[in-house]
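Chains as they are written, first to last, in this note's numbering: chain L, 1 to 315; chain Y, 316 to 621.
Right, dumping it as structure tokens:
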């Protein structure tokens, strides 16, 4: 079966990283500074998708409520900022911790179910968080919350400067991908994959499958929260829209599109989907139609997703 | 709280629940028999509503437009099954999610292209526009009574179809154990096609009838899809009885919750807390219901898989 030669496949993420690092210069040279913001948005969603890929792709857990943790991170930093806590060093860890706490609570209950029931329970919890956010009239409710600017980092880093913020996002994304890759390669990661493949056998061997999944779920939630934190800063705005179930569905679509269980599936999926949206909407008002058709092509032409297309069968 | 208000809300809940049942029945059969996660089910509901609006405008006759709209939507369902769905039965759930999500995108834009982005006007027939006096002093809209009537008739019809006919027996066999049914000689491909088209027809009835009550707009499918998913999880996948009970529960809890919870909370809590909490609690009431049911009966109230 065709695919990229293994050496090129291994080099691909590094090539993309090089392009990402050089992007601001390229964009400025081409006088297309707008695309720095687009790239930043892609990186943020790639982080969220990568975190979902950990539990969906490697853990086999189809969560339709991942947007909840993204939203908790976003609202966390937003509410803290509005209440006067603007330092990124305080607000960001707190928001990520809040997302992790939500993941712990939701995961503890949901992971006792299986299959389609797990999907529905995670969806239900995410909807609850959504409606609570809509009900928070003091923090904007349905209209959303305008933030008075970006978080303050100090050390000469000014996030309101587009390119600086872009490099902060890129650095955090790269660090998170590094962490995730190390995790997947570790004993924990292998055990997680084992549980996905055959849970009863793993239990019989003696692995604490519930605890394994819960830990993965919390890590994924924390990283999604980090993505939410960056998103709130990116827009200087947060609203319940980020918590809607269609956002969770979009994240799942990104992971499936990119390739479930492939290390960079989240990145490929998020980048492809968001780039397609950008490009298609330039040509036609009916870009949903074009996107839908393209997704159908992917379902039949690339059954293992884009990463699967690039990888030779012996994966 | 007056008993008239309570009775009114119960009837509203019943009406909404019965329409939800029409959607849920199709969805649960498709999921139970074909093991197909069909997110595009809501799109068929939307298409039913839009076709009804157009046919009503074209013919001027509600009673003529309704069966025509159902037939037309069933045809759309047939095309969809042959062109796409039957190629998805063998795929895993996630591929089905991706494909049917793509169908939602395509359907939403097609509808926008054909009918425009603004919501459509769909009116109840003039003969049913007024209220009916059910009990002395208790008035209820005639059109909503029609919805309840049609919903109950459909429920009874489905029940008879599934329990008293040979086709229904095949449906139950397929829902209970698909592989065994195929081995026993059930013509699986025709059964699947028939089930999918039936589901589409039921969606159309719900969409056409609810059109005058809710808005006929792009995105109406996604809103009701979530509720239908909750219903079939509560009821048990593959079970029409479960879909019926689940739909009524969800319809009643959602309607009663939105009507009574805010005022109930106002009575026991300080006003500013209740103002925030009330609507939020009402909105999540059905999810709490689902969680409670799943804790007590993890595979739903009436699981079909034997």
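Virtual Cβ for every residue (Gly too), placed ideally from N, Cα, C.
Nearest candidate by alpha-carbon position, reference residue i, set the options
{"i": "residue 348(Y)", "options": "439(Y), 501(Y) and 435(Y)", "result": "501(Y)"}
{"i": "residue 508(Y)", "options": "359(Y), 369(Y), 432(Y) and 395(Y)", "result": "395(Y)"}
{"i": "residue 553(Y)", "options": "469(Y), 481(Y), 490(Y) and 368(Y)", "result": "490(Y)"}
{"i": "residue 127(L)", "options": "155(L), 21(L), 96(L) and 64(L)", "result": "64(L)"}
{"i": "residue 141(L)", "options": "267(L), 13(L), 152(L) and 129(L)", "result": "129(L)"}
{"i": "residue 434(Y)", "options": "528(Y), 618(Y) and 412(Y)", "result": "528(Y)"}
{"i": "residue 462(Y)", "options": "357(Y), 533(Y), 331(Y) and 485(Y)", "result": "331(Y)"}
{"i": "residue 189(L)", "options": "154(L), 20(L), 217(L) and 169(L)", "result": "217(L)"}
{"i": "residue 456(Y)", "options": "323(Y), 342(Y) and 579(Y)", "result": "323(Y)"}
{"i": "residue 451(Y)", "options": "614(Y), 559(Y) and 319(Y)", "result": "319(Y)"}
{"i": "residue 511(Y)", "options": "613(Y), 350(Y) and 327(Y)", "result": "350(Y)"}
{"i": "residue 425(Y)", "options": "438(Y), 361(Y) and 372(Y)", "result": "361(Y)"}
{"i": "residue 86(L)", "options": "152(L), 119(L), 62(L) and 110(L)", "result": "152(L)"}
{"i": "residue 515(Y)", "options": "341(Y), 336(Y) and 418(Y)", "result": "341(Y)"}
{"i": "residue 236(L)", "options": "177(L), 48(L), 160(L) and 35(L)", "result": "160(L)"}
{"i": "residue 48(L)", "options": "261(L), 226(L), 298(L) and 311(L)", "result": "226(L)"}
{"i": "residue 550(Y)", "options": "517(Y), 561(Y) and 421(Y)", "result": "561(Y)"}
Residue i: contacting residues in chain L (beta-carbon distance under 9 angstroms)
{"i": "residue 404(Y)", "result": "In chain order: nothing, as chain L lies at least about 13 angstroms away."}
{"i": "residue 541(Y)", "result": "123, 127 and 245"}
Interface flag, residue i vs chain Y, CB-CB below 8 angstroms
{"i": "residue 55(L)", "result": "no"}
{"i": "residue 288(L)", "result": "yes"}
{"i": "residue 275(L)", "result": "no"}
{"i": "residue 389(L)", "result": "In the structure as shown, chain L begins at 1 and stops at 315. Residue 389(L) is therefore absent and cannot be evaluated."}
{"i": "residue 299(L)", "result": "yes"}
{"i": "residue 128(L)", "result": "yes"}
{"i": "residue 107(L)", "result": "no"}
{"i": "residue 120(L)", "result": "yes"}
{"i": "residue 240(L)", "result": "no"}
{"i": "residue 12(L)", "result": "no"}
{"i": "residue 193(L)", "result": "no"}
{"i": "residue 311(L)", "result": "no"}
{"i": "residue 267(L)", "result": "no"}
{"i": "residue 62(L)", "result": "yes"}
{"i": "residue 113(L)", "result": "yes"}
{"i": "residue 104(L)", "result": "no"}
Chain L within 8 angstroms of residue i, Cβ atoms only
{"i": "residue 424(Y)", "result": "yes"}
{"i": "residue 409(Y)", "result": "yes"}
{"i": "residue 360(Y)", "result": "no"}
{"i": "residue 335(Y)", "result": "no"}
{"i": "residue 474(Y)", "result": "no"}
{"i": "residue 427(Y)", "result": "yes"}
{"i": "residue 485(Y)", "result": "no"}
{"i": "residue 617(Y)", "result": "no"}
{"i": "residue 338(Y)", "result": "no"}
{"i": "residue 412(Y)", "result": "yes"}
{"i": "residue 417(Y)", "result": "yes"}
{"i": "residue 299(Y)", "result": "What the structure shows of chain Y is the stretch from 316 to 621, and residue 299(Y) is not part of that stretch, so it cannot be assessed."}
{"i": "residue 606(Y)", "result": "yes"}
{"i": "residue 544(Y)", "result": "yes"}
Beta-bridge pairing of residue i - partner residues as DSSP gives them
{"i": "residue 455(Y)", "result": "447(Y)"}
{"i": "residue 87(L)", "result": "152(L)"}
{"i": "residue 157(L)", "result": "154(L)"}
{"i": "residue 237(L)", "result": "146(L)"}
{"i": "residue 435(Y)", "result": "531(Y)"}
Amino acids of chain L, ordered along the chain, whose beta-carbon sits closer than 8 angstroms to that of residue i
{"i": "residue 420(Y)", "result": "288, 289, 291, 292 and 295"}
{"i": "residue 592(Y)", "result": "135"}
{"i": "residue 395(Y)", "result": "By Cβ distance, chain L contributes nothing, its closest Cβ being about 12 angstroms from residue 395(Y), past 8 angstroms."}
Interface partners of residue i on chain Y, CB under 9 angstroms
{"i": "residue 383(L)", "result": "Outside the modelled stretch of chain L, which goes from 1 to 315, sits residue 383(L), for which no answer is possible."}
{"i": "residue 272(L)", "result": "Ordered by position in chain Y, no residue passes the 9 angstroms Cβ test against residue 272(L), which lies about 13 angstroms from the chain."}
Contacts of residue i in chain Y (Cβ-Cβ under 7 angstroms)
{"i": "residue 132(L)", "result": "595"}
{"i": "residue 342(L)", "result": "Summary: the structure shown does not reach residue 342(L), with chain L confined to residues 1 through 315, and so no result is reported for it."}
{"i": "residue 249(L)", "result": "416"}
Closer than 7 angstroms at the beta carbon, the chain L residues around residue i
{"i": "residue 458(Y)", "result": "Neighbours of residue 458(Y) on chain L: none; closest Cβ ~30 angstroms, over 7 angstroms."}
{"i": "residue 348(Y)", "result": "Those do not exist, as residue 348(Y) stays about 15 angstroms from chain L at its closest Cβ, beyond 7 angstroms."}
{"i": "residue 598(Y)", "result": "131"}
{"i": "residue 365(Y)", "result": "By Cβ distance, chain L contributes nothing, its closest Cβ being about 16 angstroms from residue 365(Y), past 7 angstroms."}
{"i": "residue 400(Y)", "result": "Per Cβ cutoff of 7 angstroms: no residues; residue 400(Y) is ~12 angstroms from chain L at best."}
Residue i: contacting residues in chain Y (beta-carbon distance under 8 angstroms)
{"i": "residue 117(L)", "result": "548, 609, 613 and 614"}
For the region 546 to 562 of chain Y, list every residue whose C-beta sits within 8 angstroms of some C-beta in chain L, in sequence order. Answer in chain order: 548 and 552.
Between the region 433 to 463 of chain Y and chain L, which residues of the former have CB atoms less than 8 angstroms from a CB of the latter, in chain order? none
Determine which residues of the region 200 to 219 of chain L have a Cβ less than 9 angstroms from any Cβ of chain Y, and write them out in chain order. none
Residues of the region 68 to 94 of chain L in Cβ contact with chain Y at a cutoff of 9 angstroms, in chain order, please. none
Could you please tell me which residues of the region 34 to 47 of chain L, in chain order, have their CB closer than 8 angstroms to any CB of chain Y? none
Going along the region 148 to 165 of chain L in order, which residues come within less than 9 angstroms of chain Y, judged by CB to CB distance? Under the 9 angstroms Cβ criterion, the region 148 to 165 of chain L contributes no residue.
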